[in-house]
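In my numbering, the protein residues as written are 170 to 497. Ideal Cβ placement from N, Cα and C applies to all residues, glycine included. Values in this document were obtained by computation on a predicted structure and should not be read as measured data.
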């Protein structure tokens, strides 16, 4: 299976990766993921090839090219997710990829048609349904940029001013992405009326919406927690030191608020989570709880420390409830 890069072998390796990921075998899943990424490159999935319009007949080669491109996008989404979670460099470099989005992606990603529903958009004609990918492509591209600017080996050597500038740039881009999402599914830093909002969505779309919110909160945390590396020391005599200190405190506050929102959001939506998602979703409450725990240790007398402790106490029960539906 591993001696040749073929479409069939790429599909097989990706399915094995997903199996290992969903049963919590993270190390073996990462190895399989690296193999899938290399196969996707060998097959040309990292390049963009314009295919016939969906209403026209397509050759087998065109269908295969389109399918390989779709599998590449799966690899890309998983790759950026793994890099941020583990701190290890991504296997896929954006510099070596044509990241042209699928036609109609932005217009249709959050409004896929339901069975039996008529959709007027030409993007859904015949078999042209925009693929339901395991993540949001533009957000994955922002994850890559976040890693490169804040967590790569080169980024770890940056000056405080460079890190703060990168945080502000990434925060602006994340907010622009958030505002591009339709209001009905748009994530927010603070959560409210979650159950009501979910109940208004078709059941087929709820899981997508839940993951979107969790991903947004986690990326807010990931971007702004880098500010903790910039806490001014006694040697910082730069004339803008006070302004930088204010920016750092603001970043830490946003990081903590996103962590609180993650736990509150999961408490609200736990009944709508698919059981097999445990090993994918457990990372979010764990990362959020760790941020709050470290803050309580550092600032035990902070105004929200007591409520944060209560939230931390509930996090253990939240994870146990998630575990009840996990795939063994």
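Answer with buried or exposed for residue i, where buried requires no fewer than 16 other C-beta atoms within 10 angstroms of its C-beta.
i, result
"residue 305", "buried"
"residue 416", "buried"
"residue 371", "exposed"
"residue 250", "buried"
"residue 378", "buried"
"residue 228", "exposed"
"residue 351", "exposed"
"residue 248", "buried"
"residue 466", "exposed"
"residue 182", "buried"
"residue 271", "buried"
"residue 325", "exposed"
"residue 471", "exposed"
"residue 348", "exposed"
"residue 411", "exposed"
"residue 190", "buried"
"residue 294", "Note that residue 294 scores a pLDDT of 46, beneath 50, so its modelled location is shaky and nothing firm can be said."
Near residue i, which residues of its chain fall below 6 Å by C-beta distance, leaving aside the five closest residues on each side in sequence?
i, result
"residue 456", "none"
"residue 263", "313"
"residue 484", "432, 454 and 458"
"residue 193", "448"
"residue 383", "453"
Under the assumption that residue i contacts residue j (Cβ atoms under 8 Å), give the Cβ distance between them as a whole number of angstroms.
i, j, result
"residue 315", "residue 391", "6 Å"
"residue 246", "residue 203", "Incorrect: roughly 15 Å between the Cβ atoms, too far for contact."
"residue 461", "residue 491", "Their Cβ separation, rounded to whole angstroms, is 18 Å, which puts residue 461 and residue 491 out of contact at 8 Å."
"residue 342", "residue 311", "6 Å"
"residue 267", "residue 322", "About 26 Å separates the two Cβ atoms, so there is no contact after all."
Suppose the cutoff is 7 Å on Cβ atoms and the five residues either side in sequence are ignored; what does the same chain contact list for residue i look like?
i, result
"residue 214", "237, 238, 240 and 241"
"residue 199", "251"
"residue 441", "367, 375 and 379"
"residue 443", "376"
"residue 284", "Only weak support is given to the placement of residue 284: the predicted model assigns it a pLDDT of 46, under 50, and the value that follows is read from those uncertain coordinates. Cβ neighbours of residue 284 beyond the five flanking positions: none."
"residue 265", "215"
"residue 186", "198, 201, 202 and 205"
"residue 468", "474"
"residue 346", "307, 308 and 311"
Short of 8 Å in beta carbon distance, which residues of its chain neighbour residue i, apart from the five on each side in sequence? Order them along the chain.
i, result
"residue 369", "353"
"residue 207", "174 and 260"
"residue 359", "426 and 430"
"residue 386", "356, 358, 427, 428, 430, 431, 434, 453 and 457"
"residue 318", "324, 335, 338 and 339"
"residue 361", "none"
"residue 269", "217"
"residue 327", "335"
"residue 226", "none"
"residue 180", "240"
Taking residue i as part of the alpha helix (DSSP H), name the residues at either end of that continuous run.
i, result
"residue 235", "229-255"
"residue 313", "306-315"
"residue 264", "Element bounds for residue 264: n/a, residue is neither H nor E."
"residue 202", "195-211"
"residue 349", "Per DSSP, residue 349 belongs to no alpha helix (DSSP H) and is neither H nor E."
"residue 460", "452-467"
"residue 324", "Looking at the DSSP string, residue 324 is not in any alpha helix (DSSP H), and its letter there is neither H nor E."
"residue 482", "474-492"
"residue 445", "Run containing residue 445: none; DSSP gives neither H nor E here."
"residue 369", "First-last for residue 369: undefined, no H or E at that position."
"residue 276", "274-277"
"residue 178", "176-191"
Whose C-alpha, out of the options, is nearest the C-alpha of residue i?
i, options, result
"residue 230", "245, 246, 247 and 212", "212"
"residue 119", "327, 255, 487 and 474", "What is shown of the chain runs 170 to 497, which leaves residue 119 out entirely."
"residue 278", "419, 303, 481 and 337", "303"
"residue 396", "380, 382 and 419", "419"
"residue 451", "268, 319, 269 and 380", "380"
"residue 337", "383, 394 and 375", "394"
"residue 320", "349, 270 and 254", "254"
"residue 439", "464, 463, 411 and 363", "363"
"residue 188", "232, 345, 389 and 447", "447"
"residue 244", "489, 201 and 256", "201"
"residue 478", "464, 487 and 488", "464"
"residue 437", "487, 445 and 469", "487"
"residue 257", "196, 274 and 226", "196"
"residue 388", "307, 273 and 327", "307"
"residue 210", "232, 424, 176 and 346", "176"
For residue i, verify whether its CB is less than 7 Å away from any heavy atom of the ligand COA.
i, result
"residue 265", "Absent from the structure shown: the ligand COA. Ligands present: none."
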